[in-house]
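K.L.:
I'd like to ask you about the structure that follows.
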Amino acid sequence: RGGRHDSASYWRWSLVELSQGTASRRDGVSFAEELKLRRECSVLIQEAQELLEVSPVTYATAVTYCNRYFLHHSLRDKGVPHLLVATCCVYLACKVDEQPKPLHAVMRVCARLRHRAQPALAARLQSDPEEYRKEREALLRGEVEVLKALGFDLHITHPHKHLLAMLSWVNEVATRQGLEEVSRRVTPLGNLAFRLLSDSFHTLVCLQHTPEAVAAAMLELAAMLLGVELPVDNGRRFYERVSVDDDTHRVSPDDMEDIGHQLLDVAEERAAREQGRPGVVGLATAAAAAAQMVLANV
1 RGGRHDSASY
11 WRWSLVELSQ
21 GTASRRDGVS
31 FAEELKLRRE
41 CSVLIQEAQE
51 LLEVSPVTYA
61 TAVTYCNRYF
71 LHHSLRDKGV
81 PHLLVATCCV
91 YLACKVDEQP
101 KPLHAVMRVC
111 ARLRHRAQPA
121 LAARLQSDPE
131 EYRKEREALL
141 RGEVEVLKAL
151 GFDLHITHPH
161 KHLLAMLSWV
171 NEVATRQGLE
181 EVSRRVTPLG
191 NLAFRLLSDS
201 FHTLVCLQHT
211 PEAVAAAMLE
221 LAAMLLGVEL
231 PVDNGRRFYE
241 RVSVDDDTHR
251 VSPDDMEDIG
261 HQLLDVAEER
271 AAREQGRPGV
281 VGLATAAAAA
291 AQMVLANV
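Structure, rendered in C-alpha cells:
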C-alpha cells in the first residue's frame, strides 16, 4: 500500500480493504477469525491497562499500534504470536505516552493474562531465570518488529480530546439556550460517551474513521441511549461545530452511523459472553461488514 507512514490517510483503510486486503487474508485467515484474534489483543491490552494503572489514552494508543501492525503482518505468524504483539504494544505505548512501566512489570501482567488458562506457564517467569530471559528477549525483539511495521510513526491523535471539545460545546450551548435538563445531564452523558469510546477500541473504527468522527458517534450514541436531545446552535449540530473545511476531518452522519453499528456489535458480544455463547462476535461483525458492503454496492 503506497503512501507515507506518517500520513493519516496511510493508516485509514476502507471496509473493503480491511475485509479483503490485510496480510492475514493473504495468509488464508478468514475475516471473522481475524476480527476474533484482533479482539483478543484489544481485550488483553485493556485488562493490562487496568492492572498497570495507566490511562485510557495509553490503552487506545496500544490498541491502535496493534491494529496497525496487523494490517501488514499476518495474525497466523508464529514467529511473533498475536498476544505477544499486544504485549509489545502495551510496553511501547506506556513509553510513548510518558507513563513508562518497568519491562518486568509489563511482562508479569501480560504473561498472566496471556496464560490465564495455564497459570503455571506465567508462574515460571518468576521462578525460572532462563524462561524470564527468553520472554524478555522475545518482547524486545517484538517491540522492534512493531516499530518497523509502524514505520516509526508513533504519534496518534485520539478521539478523546475531540469528545471533550464536543461535550464542552453542548454544555455551553445548552446553558446559553436555557436548556436546564440538557445542562444537568452533561456529566452522565460524558461518562457514558467515554465508556463507549473505550468499547470502540474493540472494533476496527480506529482504522476506518477519523478521531473526530469516532468522538461524534460516541456522543450521538450516548445521547440516544440516555434520551438526551442534543442542542442545535444556529442550525449547526455539535459535530458540525467542530468540523473543519478540510474533508479529511469532516464528520458525516454516514460515518457516525457506521461507527454506531460497530459499537452495537460489541454490545452483542458482551451479551453473548454473559450468556455463555463464546465466539459470536467475530462472525457477527464479519456478517455485518459483508452486509454493509452489499448496501454500499461494493
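Numbering (UniProt numbering), first residue to last: 1 to 298.
Glycine is no exception: its CB is placed at the ideal position from the N, C-alpha and C atoms.
Model, not experiment: these values are computed from the prediction.
Helix, strand or coil, according to DSSP, for residue 185 in the structure here?
P.N.:
In the sequence shown, counting from the first residue as 1, residue 185 sits at position 185. Looking at residue 185 - three-state DSSP - the assignment turns out to be coil, as it is neither helix nor strand.
K.L.:
Going along the chain, which residues of its own chain have a beta-carbon closer than 8 Å to the beta-carbon of residue 150, five neighbours each way excluded?
P.N.:
As a working note, residue 150 is residue 150 in the sequence shown. Same-chain partners within the cutoff: 5, 65, 68, 69.
K.L.:
In this structure, does DSSP put residue 26 in helix, strand or coil?
P.N.:
Along the sequence shown, one-based indexing puts residue 26 at 26. Three-state DSSP puts residue 26 in a helix.
K.L.:
Using 8 Å as the threshold, is the C-beta distance between residue 24 and residue 76 below it?
P.N.:
Looking up residue 24 in the sequence shown gives position 24. Looking up residue 76 in the sequence shown gives position 76. It is a contact, given that the beta carbons lie within the stated cut-off.
K.L.:
CB residue 45 to CB residue 63, shorter than 8 Å?
P.N.:
Residue 45 sits at position 45 when you count from the first residue of the sequence shown. Residue 63 sits at position 63 when you count from the first residue of the sequence shown. At the C-beta level, residue 45 and residue 63 come within 8 Å of one another.
K.L.:
In the structure shown, what three-state DSSP assignment does residue 233 receive?
P.N.:
Walking along the sequence shown from the start, residue 233 turns up at place 233. It is a strand residue.
K.L.:
The alpha helix (DSSP H) spanning residue 82 covers which residue range?
P.N.:
Here residue 82 refers to the residue found at position 82 when the sequence shown is read from its first residue. Taken as a continuous stretch (DSSP letters only), the alpha helix (DSSP H) holding residue 82 covers 82-96.
K.L.:
List the whole-angstrom C-beta distance separating residue 264 from residue 18, where the pair is believed to meet the contact cut-off of C-beta under 8 Å.
P.N.:
As a working mapping, residue 264 is identified with position 264 in the sequence shown. As a working mapping, residue 18 is identified with position 18 in the sequence shown. The C-beta distance from residue 264 to residue 18 rounds to 18 Å, too long to fall under 8 Å, and the pair is not in contact.
K.L.:
By how many angstroms is the C-alpha of residue 128 removed from the C-alpha of residue 13?
P.N.:
Within the sequence shown, numbered from 1, the residue matching residue 13 stands at position 13. Within the sequence shown, numbered from 1, the residue matching residue 128 stands at position 128. Cα-Cα distance, rounded: 43 Å.
K.L.:
Please report how far the alpha carbon of residue 78 lies from the alpha carbon of residue 262, in whole angstroms.
P.N.:
As a first step, residue 78 must be located in the sequence shown, where it is residue number 78. As a first step, residue 262 must be located in the sequence shown, where it is residue number 262. If you take the alpha carbons of residue 78 and residue 262, they lie about 29 Å apart.
K.L.:
Pick out the complete alpha helix (DSSP H) segments inside the segment 205-232, 4 residues or longer, and give them in chain order.
P.N.:
Counting whole runs of 4 or more residues, the segment 205-232 contains the alpha helix (DSSP H) stretches 205-208, 211-226.
K.L.:
When the Cα atoms are used, what is the spatial distance from residue 246 to residue 134?
P.N.:
As a first step, residue 246 must be located in the sequence shown, where it is residue number 246. As a first step, residue 134 must be located in the sequence shown, where it is residue number 134. Confidence is the limiting factor: at residue 246 the pLDDT is only 49, short of 50, which leaves the residue's position unreliable and the question unanswerable from this model.
K.L.:
Distance check for residue 35 and residue 145, CA to CA, integer angstroms please.
P.N.:
For the purposes of this step, residue 145 is identified with residue 145 of the sequence shown, where counting begins at 1. For the purposes of this step, residue 35 is identified with residue 35 of the sequence shown, where counting begins at 1. For residue 145 and residue 35, the distance between alpha carbons rounds to 21 Å.
K.L.:
Just to confirm, is the Cβ distance from residue 184 to residue 226 under 8 Å?
P.N.:
Translated into the one-based positions of the sequence shown, residue 184 becomes position 184. Translated into the one-based positions of the sequence shown, residue 226 becomes position 226. Going by C-beta atoms, residue 184 is not nearer than 8 Å to residue 226.
K.L.:
Fully enclosed by the segment 132-195, which alpha helix (DSSP H) runs are 4 residues long or longer?
P.N.:
For the segment 132-195, the full-length alpha helix (DSSP H) segments reaching 4 residues or more read 160-176, 180-184 along the chain.
K.L.:
Starting from residue 38, follow the alpha helix (DSSP H) in both directions and report where the run begins and ends.
P.N.:
Residue mapping note: residue 38 aligns to position 38 of the sequence shown, counting from 1. Residues 31-52.
K.L.:
Residue 125 lies in the alpha helix (DSSP H); which residues open and close that run?
P.N.:
As a first step, residue 125 must be located in the sequence shown, where it is residue number 125. Its alpha helix (DSSP H) spans residues 119-127.
K.L.:
Span of the alpha helix (DSSP H) holding residue 19?
P.N.:
If you number the sequence shown from 1, residue 19 lands on position 19. Here the alpha helix (DSSP H) through residue 19 covers 15-20.
K.L.:
Can you find the residues in the same chain that come closer than 6 Å, C-beta to C-beta, to residue 124, ignoring five residues on each side of it along the sequence?
P.N.:
Looking up residue 124 in the sequence shown gives position 124. Hits under 6 Å: 131.
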